[in-house]
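K.L.:
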Amino acid sequence: MATTSSPPSLSPSNLAKTPAPGDSYVQSFARGLQVIRSFSADAPRQTLTEVAGRSGLTRAGARRILLTLQSLGYVESDGKLFSLTPRILDLGFAYLSSMPIWNLAEPIMETLVDEVKESCSAAVLEGTDIIYVLRVPTHKIMSISLGVGSRLPAYCTSLGRVLLAGMPDEDVLSRLQASDRQALTRHTLTDVNALLAKVQATRKQGWSLVNQELEEGLVSLAAPVMNREGRTVAALNISGQANRTSAKLMQDSMLPALLAAAKTVSRLLALKRPEQSVKSDVRATL
0 MATTSSPPSL
10 SPSNLAKTPA
20 PGDSYVQSFA
30 RGLQVIRSFS
40 ADAPRQTLTE
50 VAGRSGLTRA
60 GARRILLTLQ
70 SLGYVESDGK
80 LFSLTPRILD
90 LGFAYLSSMP
100 IWNLAEPIME
110 TLVDEVKESC
120 SAAVLEGTDI
130 IYVLRVPTHK
140 IMSISLGVGS
150 RLPAYCTSLG
160 RVLLAGMPDE
170 DVLSRLQASD
180 RQALTRHTLT
190 DVNALLAKVQ
200 ATRKQGWSLV
210 NQELEEGLVS
220 LAAPVMNREG
230 RTVAALNISG
240 QANRTSAKLM
250 QDSMLPALLA
260 AAKTVSRLLA
270 LKRPEQSVKS
280 DVRATL
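Position 243 of the sequence shown, counted from 1, bears residue number 242 in numbering that gives the first Met the number 0, the numbering being contiguous throughout.
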């Protein structure tokens, strides 16, 4: 999806709900991650009190963690407000560089964007949200651009429904029930049973179309990326504005290319082709 309202920020209650799996659980490390995750697009610079509130920690605890992160170069402060530094990107890039799927997917997504003239994204599922791990935008003017690491709710996104479709119904129900199912537009489905039916239909047909449920005027299509065992590990989507393309037109004209791209990424992931050989094969494959 190319445009939407600002990604939802993490609430203190959600940040504090980390299970403690016995003696192996390092609470101080978990609290450090809570502090890092308290920063978002909605709260990029915060006071000590704000960090403590958003991370569910005491002021003293939040202060110790912030000063530790500052000494390590992950946080900076002007004496009043704290913010993350670019070094924090190292943590996210470590994940991206360790997963060959994203090296495989990027040239295929670029080719797809060239073909359909709409933006393309890749995402994975975490809890009740999707997380964008790769974005290939178009040069068209968008209201708000989503970057790598942005989160959106799974229940009302095509990427989310494809990722949920890769799970058993009982797990889907659990995640839907745990979601904050707001009616973001007049088209948004919020009923759990209706959403489950959409996910089941997605599973059966192998793709998802979401028409203006996340944002008025935004239409998107998504398809699954599967590993060697046939398990959905990610999803690709293309998105466009309803004033440029209708849902039916997008389905008729762009779905075949999207399905081909997702299938190609899945095949290359299963074969574990080296990155350097992928770019030369992409255009011939699609």
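Using N, Cα and C, we set each Cβ at its ideal position, and we do this for glycine too.
(1) Which full runs of the alpha helix (DSSP H) of 4+ residues lie inside the stretch 98 to 167, going along the chain?
(2) Tyr73 and Thr57 look like a contact to me (Cβ under 8 Å); what is the Cβ gap, rounded to whole Å?
(3) Looking at the structure shown, is Ala182 part of a helix, part of a strand, or coil, going by DSSP?
(4) Return the chain-ordered list of same chain residues with a C-beta closer than 6 Å to the C-beta of Leu241, the five sequence neighbours on each side being excluded.
(5) Between the alpha carbons of Ala29 and Pro255, how many angstroms are there, rounded?
(6) Might you give, ordered along the chain, the residues of its own chain that have their beta carbon closer than 6 Å to the beta carbon of Gly159, omitting 5 neighbours on each side?
(7) For Glu49, does the three-state DSSP call read helix, strand or coil?
(8) Pull up the distance between the alpha-carbon of Ser142 and that of Glu109, whole angstroms please.
(9) Is Ser82 near Arg44, with beta carbons less than 7 Å apart?
(10) Suppose you measure from the CA of Arg202 to the CA of Leu248; what does that come to, to the nearest Å?
(11) Spatial neighbours of Ser207 within its chain, please: C-beta separation below 6 Å, excluding the five flanking residues on both sides.
(12) For the beta strand (DSSP E) that Thr231 lies in, which residues bound it at each end?
(13) Considering only C-alpha positions, which residue in the set Thr184, Glu214, Asp168 and Leu183 is nearest to Asn192?
(14) Within the chosen definition, does the stretch 110 to 130 reach the stretch 181 to 197 through at least 3 CB pairs nearer than 8 Å?
(15) Should Ile140 go down as buried or exposed, given a rule of 16 or more other Cβ atoms within 10 Å for buried?
(16) Check the C-beta distance from Ala212 over to Leu188 and give it rounded, since I have them as a contact under 8 Å.
(17) So Ala303 packs on Ala122, CB below 8 Å; how close in whole Å?
(18) Is it buried or exposed for Asn226, if we count other Cβ within 10 angstroms and need 16 for buried?
(19) My output table needs one value for Ala15: the three-state DSSP class, helix, strand or coil.
(20) Restricting to Cα atoms, I'd like to know which of Asn210, Val171, Phe38 and Asp170 is closest to Arg150.
(21) What does the alpha-carbon distance come out to for the pair Ala269 and Gly165?
(22) For Ser76 and Val50, what's the separation of their Cα atoms in angstroms?
(23) The beta strand (DSSP E) that contains Val224, what's its start and end?
(24) Taking all protein chains shown into account, decide if Gly239 is buried (16 or more other Cβ within 10 angstroms of its Cβ) or exposed.
(25) Pick from Leu175, Asn210 and Gly60: whose alpha carbon is nearest that of Ala196?
P.N.:
Put simply:
(1) 99 to 115 and 157 to 164
(2) As a first step, residue 73 is located in the sequence shown; it is residue number 74 there, counting from the start. As a first step, residue 57 is located in the sequence shown; it is residue number 58 there, counting from the start. Contact doesn't hold; Cβ gap of about 21 Å is too wide.
(3) Position 183 of the sequence shown, counted from the first residue, corresponds to residue 182. Coil at Ala182, not helix or strand.
(4) Translated into the one-based positions of the sequence shown, residue 241 becomes position 242. For the record, residue 241 in the displayed sequence is Ala; it is not Leu. Around Ala241: Gly216 and Val218.
(5) The residue you call residue 29 lines up with position 30 of the sequence shown. The residue you call residue 255 lines up with position 256 of the sequence shown. If you take the alpha carbons of Ala29 and Pro255, they lie about 43 Å apart.
(6) In the sequence shown, residue 159 corresponds to position 160, counting from 1. Counting only Cβ-Cβ distances below 6 Å, and skipping sequence neighbours, we find Ile129 and Ala153.
(7) Against the sequence shown, residue 49 aligns to sequence position 50. Reduced to three states, the DSSP call for Glu49 is helix.
(8) Against the sequence shown, residue 142 aligns to sequence position 143. Against the sequence shown, residue 109 aligns to sequence position 110. Interpretation of Ser142 is limited by its pLDDT of 48, a score under 50 that renders its predicted location unreliable; no figure is taken from the coordinates.
(9) Stepping through the sequence shown from its first residue, residue 82 is reached at position 83. Stepping through the sequence shown from its first residue, residue 44 is reached at position 45. Yes, Cβ-Cβ distance for Ser82 and Arg44 is below 7 Å.
(10) Here the question's residue 202 lines up with position 203 in the sequence shown. Here the question's residue 248 lines up with position 249 in the sequence shown. Straight-line Cα distance between these residues: approximately 22 Å.
(11) Along the sequence shown, one-based indexing puts residue 207 at 208. The residues are Ser157, Arg160, Val161, Thr201 and Ala221.
(12) Translated into the one-based positions of the sequence shown, residue 231 becomes position 232. Thr231 to Gln240 is the extent of the beta strand (DSSP E) around Thr231.
(13) Sequence index remark: in the sequence shown, residue 192 carries index 193 (1-based). Per the Cα distances, Asp168.
(14) no
(15) One-based indexing of the sequence shown puts residue 140 at position 141. Note that Ile140 scores 46 on pLDDT, short of 50, meaning its location in the model is unreliable; the coordinates nonetheless yield the value given after this. Exposed.
(16) Translated into positions along the sequence shown, residue 212 becomes position 213. Translated into positions along the sequence shown, residue 188 becomes position 189. Correcting the residue identity first, residue 212 is Glu in this sequence and not Ala. With a Cβ gap of about 6 Å, Glu212 and Leu188 count as contacting.
(17) Missing from the structure shown is residue 303; the chain here goes from 0 to 285 and no further.
(18) Indexing the sequence shown from 1 puts residue 226 at position 227. That one is exposed.
(19) The residue you call residue 15 lines up with position 16 of the sequence shown. Here the model assigns Ala15 a pLDDT of 38, short of 50, so the residue's position is not dependable and the matter cannot be decided.
(20) Your numbering for residue 150 matches position 151 in the sequence shown. Among Asn210, Val171, Phe38 and Asp170, the Cα nearest to that of Arg150 is on Phe38.
(21) Locating residue 269 in the sequence shown gives position 270, where the first residue counts as 1. Locating residue 165 in the sequence shown gives position 166, where the first residue counts as 1. Spanning the two alpha carbons is a distance of roughly 17 Å.
(22) The sequence position of residue 76 within the sequence shown is 77, counting from 1. The sequence position of residue 50 within the sequence shown is 51, counting from 1. Spanning the two alpha carbons is a distance of roughly 13 Å.
(23) Locating residue 224 in the sequence shown gives position 225, where the first residue counts as 1. Per DSSP, Val224 belongs to the beta strand (DSSP E) from Leu217 to Met225.
(24) Residue mapping note: residue 239 aligns to position 240 of the sequence shown, counting from 1. By the neighbour-count rule (16 or more Cβ atoms within 10 Å), Gly239 is buried.
(25) Translated into the one-based positions of the sequence shown, residue 196 becomes position 197. Nearest C-alpha to Ala196: Leu175.
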